[in-house]
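Chains as they are written, first to last, in this note's numbering: chain L, 4 to 153; chain P, 4 to 153.
Notes for the one structure printed next.
2 protein chains.
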Amino acid sequence: MSTTSKDRLRLWLKVLKATKAVESEVRENLRRDFATTLPRFDVMAALMQHDKGLKMSELSGVLKVSNGNVTGIVERLVEDGHVLREKVEGDRRANLVRLTPAGKAEFARQADAHEGWINAAFDGLTADEAQRITESLDAVARRLENGGKA
Amino acid sequence: MSTTSKDRLRLWLKVLKATKAVESEVRENLRRDFATTLPRFDVMAALMQHDKGLKMSELSGVLKVSNGNVTGIVERLVEDGHVLREKVEGDRRANLVRLTPAGKAEFARQADAHEGWINAAFDGLTADEAQRITESLDAVARRLENGGKA
DNA sequence: CGGAAAAACTTCAAGCCTAAAGTTTTAAGC
DNA sequence: GCTTAAAACTTTAGGCTTGAAGTTTTTCCG
Numbered sequence: 004m005s006t007t008s009k010d011r012l013r014l015w016l017k018v019l020k021a022t023k024a025v026e027s028e029v030r031e032n033l034r035r036d037f038a039t040t041l042p043r044f045d046v047m048a049a050l051m052q053h054d055k056g057l058k059m060s061e062l063s064g065v066l067k068v069s070n071g072n073v074t075g076i077v078e079r080l081v082e083d084g085h086v087l088r089e090k091v092e093g094d095r096r097a098n099l100v101r102l103t104p105a106g107k108a109e110f111a112r113q114a115d116a117h118e119g120w121i122n123a124a125f126d127g128l129t130a131d132e133a134q135r136i137t138e139s140l141d142a143v144a145r146r147l148e149n150g151g152k153a
Numbered sequence: 004m005s006t007t008s009k010d011r012l013r014l015w016l017k018v019l020k021a022t023k024a025v026e027s028e029v030r031e032n033l034r035r036d037f038a039t040t041l042p043r044f045d046v047m048a049a050l051m052q053h054d055k056g057l058k059m060s061e062l063s064g065v066l067k068v069s070n071g072n073v074t075g076i077v078e079r080l081v082e083d084g085h086v087l088r089e090k091v092e093g094d095r096r097a098n099l100v101r102l103t104p105a106g107k108a109e110f111a112r113q114a115d116a117h118e119g120w121i122n123a124a125f126d127g128l129t130a131d132e133a134q135r136i137t138e139s140l141d142a143v144a145r146r147l148e149n150g151g152k153a
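Okay, here's the thing in structure tokens:
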């Protein structure tokens with residue numbers, strides 16, 4: 004129905020607006036408080052969850068970004084001393100990326116602050132609302148993952 | 004409470020995931036079907052709503068991006084013939100940006116397809132769910148606009 | 001074994017984005 | 001009128017992002 008379609012478009016614009024607002028707040032805060040960026044934070048978050056390290060390709064798979072993209076971000080994280088690259092036993096093509104101890108400590112501080120910012124942004128949202136939104140958006144994400152076929 | 008904070012973080016990650024999925028779908032489709040980009044689409048959408056044209060600064064204000072950013076995007080839209088820049092009477096600093104007739108026609112086609120993509124992405128969402136999400140996220144956006152003070 | 005195909009990366013070109021600095025024009029205050 | 005400040009833009013440097021092309025290693029398989 005035409006009305007429904009317009010309604011969904013309106014919903015999307017709202018979702019986008021709110022998301023961009025939160026995201027740009029997070030970017031500013033990361034820059035101001037930690038002199039880092041969201042992409043770097045995301046890489047470190049992924050590595051934090053994989054203590055044994057991740058190969059470049061696994062990293063780009065987890066973050067759903069291109070291979071070439073990860074190359075540059077990891078490069079800068081290495082310069083920062085937050086991350087290091089190890090040879091992979093038995094495959095000279097691959098690289099294992101890990102957090103350094105300093106990287107882990109730094110990320111812990113960042114993640115803590117990050118959780119606070121998000122908590123503040125979503126302040127006033129009841130657990131019930133949060134639950135419903137989560138479910139609805141999960142469905143959207145799932146549908147797109149399946150190529151819109153389901 | 005700590006639990007609530009983690010829950011909100013989880014919600015945020017879900018919102019982000021779904022949003023990125025939809026957005027990247029839209030970007031791909033714009034590229035594939037219209038050889039254009041989301042930023043260009045956004046500029047044209049803003050101009051479509053302001054038939055008398057917008058100054059560069061108004062455009063960056065509406066889209067909430069930096070001035071320098073708009074300079075480049077408009078430049079490319081001019082090359083495409085979708086947009087033109089006019090002198091502003093009485094202020095030689097300013098530029099008025101407008102859609103050309105060709106730009107309007109092209110945008111109409113794009114907007115039509117765009118609505119369809121969004122409609123498909125949010126297929127399965129009831130009007131009721133959509134309504135609730137909209138309200139909740141509006142509150143989030145409003146809070147951040149006020150600098151987190153309210 | 002030897003060659004073709006695939007895998008894991010990196011590099012490149014082009015575009016997007018921001019903050020900061022620079023230019024030109026207009027407005028304000030004296 | 002003159003000087004200073006502000007406004008409207010553009011330019012620049014640095015980083016993110018992608019798709020495509022290129023490199024080196026590994027794997028497949030005949």
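Note that beta-carbon positions come from the ideal geometry of N, C-alpha and C, so glycine has one too.
Nothing here was measured: the structure is a model prediction, and the numbers come from that model.
Completely contained alpha helix (DSSP H) runs for the segment 35-107 of chain P, where each covers 4 or more residues: 41-51, 59-66, 70-83
Just how far apart, CA to CA, sit N72(L) and D94(P)? As a first step, residue 72(L) is located in the first sequence; it is residue number 69 there, counting from the start. As a first step, residue 94(P) is located in the second sequence; it is residue number 91 there, counting from the start. Using only the alpha carbons, I get a separation of about 43 Å.
For H53(L), verify whether its CB is less than 7 Å away from any heavy atom of the ligand PLP. Among the components modelled here there is no ligand, and therefore nothing to report on the ligand PLP.
Who are the neighbours of S63(P) on chain L, taking C-beta pairs under 8 Å? Numbered from its first residue, the second sequence carries residue 63(P) at position 60. Those do not exist, as S63(P) stays about 14 Å from chain L at its closest Cβ, beyond 8 Å.
Should R145(P) go down as buried or exposed, given a rule of 16 or more other Cβ atoms within 10 Å for buried? Here the question's residue 145(P) lines up with position 142 in the second sequence. Exposed.
Secondary structure at G127(P), three-state DSSP: helix, strand or coil? Taking the first residue of the second sequence as 1, we reach residue 127(P) at position 124. Residue state, collapsed to three classes: coil.
Please state the DSSP three-state secondary structure of V18(P). Against the second sequence, residue 18(P) aligns to sequence position 15. Helix at V18(P).
Tell me, please, whether the segment 82-100 of chain L touches the segment 117-135 of chain L by the rule of three or more beta-carbon pairs shorter than 8 Å. no
Can a CB atom of chain L be found closer than 8 Å to the CB of S139(P)? One-based indexing of the second sequence puts residue 139(P) at position 136. Yes, S139(P) lies at the interface with chain L (some Cβ there is under 8 Å from its Cβ).
What residues from the segment 40-74 of chain P come within 9 Å of chain L, judged by C-beta to C-beta, listed N to C? K67
Would you kindly work out how many angstroms separate the C-alpha atoms of R88(L) and S63(L), rounded to a whole number? Locating residue 88(L) in the first sequence gives position 85, where the first residue counts as 1. Locating residue 63(L) in the first sequence gives position 60, where the first residue counts as 1. If you take the alpha carbons of R88(L) and S63(L), they lie about 15 Å apart.
Taking the straight line between their C-alpha atoms, what separation do you get for A32(P) and P104(L)? As a working note, residue 32(P) is residue 29 in the second sequence. As a working note, residue 104(L) is residue 101 in the first sequence. Sequence check: residue 32(P) is Asn here, not Ala. Distance between the alpha carbons of N32(P) and P104(L) is about 42 Å.
Verify whether the separation of the beta carbon atoms of T22(P) and V29(L) is less than 8 Å. In the second sequence, residue 22(P) corresponds to position 19, counting from 1. In the first sequence, residue 29(L) corresponds to position 26, counting from 1. Result no, Cβ atoms of T22(P) and V29(L) do not sit closer than 8 Å.
Whole-number beta carbon distance between L80(L) and R34(L), since they are thought to touch under 8 Å: Translated into positions along the first sequence, residue 34(L) becomes position 31. Translated into positions along the first sequence, residue 80(L) becomes position 77. Not quite, the Cβ-Cβ distance comes to about 16 Å (not below 8 Å), so this is no contact.
For a quick check, are the C-beta atoms of V143(P) and V143(L) less than 8 Å apart? In the second sequence, residue 143(P) corresponds to position 140, counting from 1. In the first sequence, residue 143(L) corresponds to position 140, counting from 1. Their beta carbons are not under 8 Å apart, which means V143(P) does not touch V143(L) by this criterion.
T7(L) and A130(P): beta carbons closer than 8 Å? As a working mapping, residue 7(L) is identified with position 4 in the first sequence. As a working mapping, residue 130(P) is identified with position 127 in the second sequence. In this structure, A130(P) lies closer than 8 Å to T7(L) by Cβ.
How big is the Cα-Cα spacing for E138(P) and R112(P)? Reading the second sequence from its first residue, position 135 is the one you call residue 138(P). Reading the second sequence from its first residue, position 109 is the one you call residue 112(P). When rounded, the distance between both Cα atoms is 30 Å.
Rounding to the nearest angstrom, what Cα-Cα distance links D10(P) and V65(P) in this structure? Taking the first residue of the second sequence as position 1, residue 10(P) is located at position 7. Taking the first residue of the second sequence as position 1, residue 65(P) is located at position 62. Distance between the alpha carbons of D10(P) and V65(P) is about 33 Å.
Just to confirm, is the Cβ distance from L14(P) to A48(L) under 8 Å? Along the second sequence, read from residue 1 onward, the residue named residue 14(P) stands at position 11. Along the first sequence, read from residue 1 onward, the residue named residue 48(L) stands at position 45. Not a contact, by the Cβ cut-off of 8 Å.
Between the alpha carbons of L12(P) and E118(L), how many angstroms are there, rounded? The residue given as residue 12(P) occupies position 9 in the second sequence. The residue given as residue 118(L) occupies position 115 in the first sequence. Their backbone Cα atoms lie some 6 Å apart in a straight line.
Using three-state DSSP, classify N149(P) as helix, strand or coil. The residue given as residue 149(P) occupies position 146 in the second sequence. N149(P) falls in the coil class under three-state DSSP.
Residues in the same chain with beta-carbon distance under 7 Å from S5(L), minus the five sequence neighbours each way, listed in chain order, please. Working through the first sequence from its first residue, we reach residue 5(L) at position 2. Residue placement at S5(L) cannot be trusted, given a pLDDT of 46 that sits under 50; what the coordinates show is reported in the next sentence. Here the set comprises nothing.
If you draw a straight line from the C-alpha of D83(L) to the C-alpha of L50(L), how long is it? Position 80 of the first sequence, counted from the first residue, corresponds to residue 83(L). Position 47 of the first sequence, counted from the first residue, corresponds to residue 50(L). So the two alpha carbons sit approximately 15 Å from each other.
Backbone CA spacing between A38(P) and A108(L) [nearest angstrom]: Translated into the one-based positions of the second sequence, residue 38(P) becomes position 35. Translated into the one-based positions of the first sequence, residue 108(L) becomes position 105. Distance between the alpha carbons of A38(P) and A108(L) is about 45 Å.
Could you say which of V68(P), R135(P), H53(P), W120(P) lies nearest to L99(P) if we only look at CA atoms? To locate residue 99(P), count along the second sequence from 1; it is residue 96. Looking at the Cα atoms, H53(P) is the closest of the given residues.
Report yes if the CB atom of V77(L) is closer than 8 Å to the CB atom of V86(L), and no otherwise. Position 74 of the first sequence, counted from the start, is the residue given in the question as residue 77(L). Position 83 of the first sequence, counted from the start, is the residue given in the question as residue 86(L). Yes, they are a contact pair.
Taking 8 Å as the threshold (beta carbon to beta carbon), is D126(P) in contact with chain L? As a working note, residue 126(P) is residue 123 in the second sequence. Closer than 8 Å: yes.
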